[in-house]
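Student: To convert, take the position in the sequence shown, counting from 1, and add 1102; that gives this note's numbering. Backbone N, C-alpha and C define an ideal beta-carbon position, used for all residues, glycine too.
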Amino acid sequence: MDSKYNDTVYINRTKFTITNTNDDRNMGIINQNTDIVRNLTTTLTQDFEGATAY
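1. Is the Cβ-Cβ distance between Asn1133 and Thr1110 less than 9 Å?
2. Got a sec? Which residues, its chain only, sit under 8 Å from Asn1122 by beta carbon, not counting five neighbours each side?
3. Measure how close the beta-carbons of Tyr1112 and Gly1130 come, nearest whole angstrom, since I'm counting them as under 8 Å.
4. Would you tell me roughly how many angstroms separate the C-alpha atoms of Thr1143 and Ile1120, rounded to the nearest one?
5. Based on the DSSP secondary-structure assignment, which residues constitute the bridge partners of Asn1133?
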């Protein structure tokens, strides 16, 4: 994998609050598939770079 990318990604849908992480038991998955990690990293980087600063 290109050294620009990490080799692991944690994919989840949760708000980091006590209720969501403890009471509601929201969870995610850890993925090490090279294509998924690369594509997700590229997409999130493009989204971040195209965002408007507050």
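Tutor: By the coordinates alone:
1. Contact flag set, yes.
2. Thr1116 and Asn1128
3. 6 Å
4. The alpha-carbon atoms of Thr1143 and Ile1120 are separated by roughly 27 Å.
5. Val1111
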